[in-house]
Structures are given as C-alpha cells and as structure tokens.
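Trainee: Position one of the sequence shown corresponds to residue 9 (our numbering), numbered consecutively onward.
Glycine included, each C-beta is placed from N, C-alpha and C at the ideal position.
Computed from a predicted model, the values in this text were never measured in an experiment.
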Amino acid sequence: MTTTTRFAPSPSGELHLGNARTALFNWLLARRDGGRFLLRIEDTDAERSKAEFTAQLKTDLQWLGLAWDGEIVEQSKRGDVYREALERLAAVGRVYPCYCTPLEIEVSRKTQIASGKPPRYAGTCRNLNDTQRAAKLAEGRKPTLRFKVPDTGRVEFVDLVHGEQRFECADIGDFIVQRADGSAAFFFSNIVDDAMSGVTLVLRGEDHLSNTPRQLMIAEALDLTAPTYGHISLITSADGSPLSKRHGAKSLRQLKEEGYLPLALVNHLFRLGHSSDLHGLQTMEDLARGFDPSHLVRSPARFDPVQLEVWQRDAVHRLTIDEACEWLQPHRPAEVSDNDWRAFVTVVQANLILPADVTPWVQAIFGQDIALDAEGEAIIGAAGAAFFQAAASAAIESGNDWKLLSQKTRELTGTKGPELFKPLRYALTGQGHGPELAPLLSLLTPDRIRARLARWSAAA
Ligand code: GLU
Ligand code: ZN
9 MTTTTRFAPS PSGELHLGNA RTALFNWLLA RRDGGRFLLR IEDTDAERSK AEFTAQLKTD
69 LQWLGLAWDG EIVEQSKRGD VYREALERLA AVGRVYPCYC TPLEIEVSRK TQIASGKPPR
129 YAGTCRNLND TQRAAKLAEG RKPTLRFKVP DTGRVEFVDL VHGEQRFECA DIGDFIVQRA
189 DGSAAFFFSN IVDDAMSGVT LVLRGEDHLS NTPRQLMIAE ALDLTAPTYG HISLITSADG
249 SPLSKRHGAK SLRQLKEEGY LPLALVNHLF RLGHSSDLHG LQTMEDLARG FDPSHLVRSP
309 ARFDPVQLEV WQRDAVHRLT IDEACEWLQP HRPAEVSDND WRAFVTVVQA NLILPADVTP
369 WVQAIFGQDI ALDAEGEAII GAAGAAFFQA AASAAIESGN DWKLLSQKTR ELTGTKGPEL
429 FKPLRYALTG QGHGPELAPL LSLLTPDRIR ARLARWSAAA
C-alpha cells in the first residue's frame, strides 16, 4: 500500500508555524516513502472559511516547497458525496435528527458540569417518535443529524505518537455529523474524505486525538478503511505558553515578508517535536530521508526564535548570488546598476540574517552620510583629528585599496591593531563590525573614502 498522506487545513485564518509543521511532516513522510501528499481544503463551515485564506495557504505551501500531488479537494464542493454517505448511515439506523437548539445544548451542558458530570449530549432526541418529530419541526426547528454512539463497548487504536488508546463508548455523547444548514460536520467529512482518497497515514495536531474514536466509529459504520493516526504535540513559544497569534506568533506570510527563508523554517520545524541526529542545514530531500515518525515526541515542542536565526543565517549563506540579489531587491536603491548591486551583495551577503540588516551597508556604500552610534563617535573622538589627517593623506595614494590604506595610515600614525582598524572602520562604514573591509572598500570611489576620513581631520 503506497503511503498517502495529506494536509487538511480549514481556511479560517493564515497558516502559522503549527500548521506549517503538520504539513511538512506529512509531506516528508510521503516523500520518504515515494508516496503521495494530498491537499484538502476543509471549508464546509461557510461562515468561517474565506477564499483569500485558501489562496494564501496555497501560496504559503508552495513557498515552503511542499508541493501536493493531484487535484486539491475542496470540501465545500462535495456536498453530494457527504449527503450520499449520510444516507447510507441513515439506512443502517446510525443517525437521527436532533432538534435541540444551541441554547438548549448549552443549558444542558452547564447543568451537567454543575452536577459534576462530564458534559455530553444528553440523548434528548435519540428516541423521538414520528409524532414528536413532526411537532418539533412544526415549531420551526431545523434539525442536525447526530451519530448514534453505542451505549457499551470501546474504541481502541494505536496512535503513532501516543501508543495504545482506549475510549469507552459510554463516555462519548452522540455527536453531530450534519449541521442544521445541511452541511457535513468536521468529524464526518474529514474521515469520509480520508477514506475515499485512500489516505493511509494522518499526522495532525494533538488537539484532534479525542476526535479520533468518533471518526473511527463513522468509518466502521460506513465500512470504510480509516488511516493510521499520529497526533503530534503542540508547538509552544520559548517560555512554554501557547504559540498563538495573541502571544505574538507570526503567520507564515509575515515571516516570509520579513525575509525568513523556507529552508530555515523547515529545518527548524523538522526538529520541533521530532528528534533527529541530522546536524546542520539539510535540503528537503535530506530531511525526507531523515524523517522518522517513530522519533515523534510527546512533550510539547518549543519554538525557539534564536535557533531559527541560526538556521536562517545558514540558509542565507547558501543562497546563490542570484537568489541573494532577489532576496535583497526591496532594499536596492533605484539608481544602483545591476552590476554594482551584484558586487555589493557578494560582499555583504554573509553578514545578513534578514534583508533589513542590509540597510546600514546600503547606506555605507550607496548613501551620502555616515551615521554613527555613540560607540563610533567615542572611538573616532579618541583617535583624534591628527589620526584622520594622516589617514586622509594616506588615502590620496591608496585610493580604495584597503591594504595600502591601512598600511600607510599605520606608518604615518604609528598605531596598530584595534587602535588602527576600529576608527578607520567606523569612519568608512559607520559600523564597528561587518564584512571584510578590502572587498567593501573596493565598492567605494577613492574620493568618497578620502572625504569620509577627512571629515574627522579638523581639530574640534
Ligand atoms: N481541518 C482540520 C484542522 O485544520 C483538520 C484536522 C485533520 O488533520 O484531520 O484542524
Ligand atoms: Zn436533540
């Protein structure tokens, strides 16, 4: 049986790192086994689903490198399929209409909780006769359909991550499989589609673990083959609090806009909740080879922005010059030629984590004035005007040759080491650290170099 996995997002918001990891793991598994990775849009909830979220999540998946196989399944277009399957359930007596209003359900839930019972559907409509049903309808109530959970017995399955699971049927209330508006409920359409698409393995968030017995009951009642499930631990933020928008978690779109690279993200996600002895930045193919569902861990996985930066730095290093130019394009001043930009990017690439980090270098090379921070001012002040007089006159001979410039300045001033290099670096670039000065200075004209040094040569 070929491995078939899927990603089944509900388009009610933007993808965040949690769903991205779910998609990644399923993709990796399919890739590893030479199987198929399907994409299904779970948009039966018309109120919460938005077409722009569907469009955005396709863009996000493609950007991450998680291509899907075959046609996308959109649940909103499959009403007939679900209705037919519901009719089959009705034919075997496994569903019944429930006329309770949301308010009535809520009251019943609160009463149960108040009397110390776990809340579940009380079975109010389970045994109504035809006359009672007609009366409810006559009141204008729109029924949902509920699945009849057996009173006794249990559902058992082996979860890939959590091991053997056992749920008592008596603890599970009859649940809704069709909403009052006629649309299929999540539990139902989800398992029907998994079975119909031949999905063999589902990795999904731990929050779905308690849904699984319900879905297995539906599959059994319809004589469908259910997939094997693995419920992966949730991702938390570095301090252990839930990783949510409210806690400042960024969507994939935001991370992309900030300039995070897909390879950095997938390398971090690969190691969240999945232990691996793969070290260093890996390609998607390597990650697929190294993915092992038996290495999925139960404890919550912590998203670590610092670790992400480490991967990001590596991923930036690995960009080809064309890719790096493209990545930095938004920061390119309009007047800079292709060739100059390329030469510039070649020099600064290794010093960047995010595209915005290029700003001081763009300023240093293509801007007019050099802005100094307090440390820069202090270092320049300490070097003194005589130092810069010497440096400026050295620059007349050296032009933009850094080796020559530093050599001559050393000869003229008698300084060496940091006393020589730090003030020169600050005066020339406005920064205390950065790319090697030789290639950086080759991007500046001799005139500008001299002017930047001469600027500090007048006694205060
Ligand atoms: N639409 C569900 C979700 O986004 C899918 C759960 C599943 O993968 O089965 O949570
Ligand atoms: Zn009811």
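Return the Cβ separation of Val103 and Leu153 in integer angstroms, given the expectation that the two are a contact with Cβ distance under 8 Å.
Mentor: That pair is a contact at about 5 Å.
Trainee: Quick check on DSSP: helix, strand or coil for Ser414?
Mentor: Three-state DSSP puts Ser414 in a helix.
Trainee: How about Arg16: is its Cβ closer than 6 Å to a heavy atom in the ligand GLU?
Mentor: Sequence inspection shows Ala at residue 16; the Arg mentioned does not correspond to that position. Yes - the ligand GLU has a heavy atom lying nearer than 6 Å to the Cβ of Ala16.
Trainee: Scan the segment 297–337 and note each continuous alpha helix (DSSP H) run of 4 residues or more that stays entirely inside, going in chain order.
Mentor: Counting whole runs of 4 or more residues, the segment 297–337 contains the alpha helix (DSSP H) stretches 313–326 and 329–336.
Trainee: So for Asp100, helix, strand or coil by DSSP?
Mentor: In the sequence as displayed, the identity of residue 100 is Val instead of Asp. Three-state DSSP puts Val100 in coil, outside helix and strand.
Trainee: Under a Cβ-count criterion, where at least 16 other Cβ atoms within 10 Å of its own Cβ denotes burial, should Glu385 be classed as buried or exposed?
Mentor: Classification of Glu385: exposed, given that the 10 Å Cβ count is below 16.
Trainee: Drop a sphere of 10 angstroms on the beta-carbon of Lys424, count the other beta-carbons inside from all chains shown, and report buried for 16 or more, exposed for fewer.
Mentor: Lys424 comes out exposed.
Trainee: Tell me Leu32's beta-bridge partners as DSSP assigns them.
Mentor: DSSP, once it has assigned bridges, lists no residue as partnering Leu32.
Trainee: Just verifying my parser: in three-state terms, what is the DSSP assignment at Tyr90?
Mentor: Helix.
Trainee: Looking at Arg291 and the ligand ZN, is the gap between the Cβ and the nearest heavy atom below 6 Å?
Mentor: It should be pointed out that residue 291 corresponds to Thr in this sequence rather than to Arg. The answer is no for Thr291.
Trainee: Which partner residues does Pro105 have in the DSSP bridge list?
Mentor: According to DSSP, Pro105 bridges with Leu153.
Trainee: For Gln371, report the span of its alpha helix (DSSP H) as first-last.
Mentor: Per DSSP, Gln371 belongs to the alpha helix (DSSP H) from Thr367 to Phe374.
Trainee: At a cut-off of 6 Å, would you count Thr220 as near the ligand ZN, judging by its Cβ distance to the nearest heavy atom?
Mentor: No, the ligand ZN has no heavy atom inside 6 Å of this Cβ.
Trainee: Could you spell out the range, first to last residue, of the beta strand (DSSP E) harbouring Tyr237?
Mentor: It spans Thr236 to Ile240 - the beta strand (DSSP E) in which Tyr237 sits, taken as one unbroken run.
Trainee: Could you name each continuous alpha helix (DSSP H) segment of 4 residues or more that falls completely within the segment 163–229, going from the start of the chain to the end?
Mentor: Whole alpha helix (DSSP H) segments, 4+ residues: 194–204.
Trainee: According to DSSP, what are the bridge partners of Leu46?
Mentor: Beta-bridge pairing links Leu46 to Arg14.
Trainee: Secondary structure at His276, three-state DSSP: helix, strand or coil?
Mentor: Looking at His276 - three-state DSSP - the assignment turns out to be helix.
Trainee: Report the option in Ser283, Asn219, Cys333 and Asn198 whose CA atom is closest to the CA atom of Gly84.
Mentor: The displayed chain sequence assigns Ser, not Gly, to residue 84. The residue with the shortest Cα to Cα distance from Ser84 is Asn198.
Trainee: Considering only heavy atoms of the ligand GLU, does any lie closer than 6 Å to the CB of Glu86?
Mentor: Reading the sequence as shown, one finds Arg at residue 86 and not Glu. Arg86: no, Cβ never under 6 Å from the ligand GLU.
Trainee: From Arg460, Trp76, Glu60 and Phe175, pick the residue whose C-alpha is nearest to that of Leu47; which is it?
Mentor: Per the Cα distances, Trp76.
Trainee: Measure the Cβ-Cβ separation of Leu362 and Gly298 and say whether it is below 7 Å.
Mentor: Going by C-beta atoms, Leu362 is not nearer than 7 Å to Gly298.
Trainee: Using a Cβ-Cβ cut-off of 6 Å (strictly less than) and excluding sequence neighbours within five positions of Ala372, which residues of its own chain qualify?
Mentor: These residues qualify, in order along the chain: Thr437 and Gly438.
Trainee: Flag Thr119 as yes when its Cβ comes closer than 6 Å to any non-hydrogen atom of the ligand ZN, and as no otherwise.
Mentor: No, Cβ of Thr119 sits at least 6 Å from all heavy atoms of the ligand ZN.
Trainee: When every heavy atom of the ligand ZN is checked, does at least one fall within less than 6 Å of the C-beta of Thr12?
Mentor: Every heavy atom of the ligand ZN is 6 Å or more from the Cβ of Thr12, so no.
Trainee: If contacts are defined as beta-carbon pairs under 8 Å, then Glu22 and Gln64 qualify, I think. What distance do you get, rounded to the angstrom?
Mentor: Glu22 to Gln64, Cβ: 6 Å. Contact.
Trainee: In the structure shown, what three-state DSSP assignment does Glu147 receive?
Mentor: If DSSP states are grouped into helix, strand and coil, Glu147 belongs with coil.
Trainee: State the DSSP-derived secondary structure class of Thr244, mapped to helix, strand or coil.
Mentor: Thr244: strand per DSSP, three-state reduction.
Trainee: Could you name the residues of the same chain whose beta carbon sits closer than 8 Å to that of Gln120, not counting the 5 residues immediately before and after it, in chain order?
Mentor: The answer, listed in chain order, is Pro126, Pro127, Arg128 and Ala130.
Trainee: Taking 6 Å as the cut-off, is the beta-carbon of Asn198 closer than that to any non-hydrogen atom of the ligand GLU?
Mentor: Yes, the ligand GLU has a heavy atom inside 6 Å of this Cβ.
Trainee: Does the Cβ of Ser406 have 16 or more other Cβ atoms within 10 Å, making it buried, or fewer, making it exposed?
Mentor: The residue in question, Ser406, is buried, as its Cβ has 16 or more Cβ neighbours within 10 Å.
Trainee: How should Asp189 be labelled, buried or exposed, when 16 other C-beta atoms within 10 angstroms of its C-beta is the threshold for buried?
Mentor: It counts as exposed.
Trainee: Do you know offhand how far Glu176's Cα is from Asp53's?
Mentor: Taking the straight line joining both Cα atoms gives about 29 Å.
Trainee: May I ask you to check if the CB of Glu50 is nearer than 6 Å to at least one heavy atom of the ligand GLU?
Mentor: Answer for Glu50: yes, Cβ within range of the ligand GLU.
Trainee: Could you pull out every residue in the same chain whose Cβ sits closer than 8 Å to the Cβ of Ser205, ignoring the five residues on either side in sequence?
Mentor: Counting only Cβ-Cβ distances below 8 Å, and skipping sequence neighbours, we find Thr12, Arg14, Leu46, Arg48 and Val81.
Trainee: Grab me the residues of Leu242's own chain with a C-beta within less than 8 Å of its C-beta, minus the 5 sequence neighbours each way, in chain order.
Mentor: Here the set comprises Gly26, Gly213, Glu214, Asp215, Pro250, Leu251, Pro308 and Ala309.
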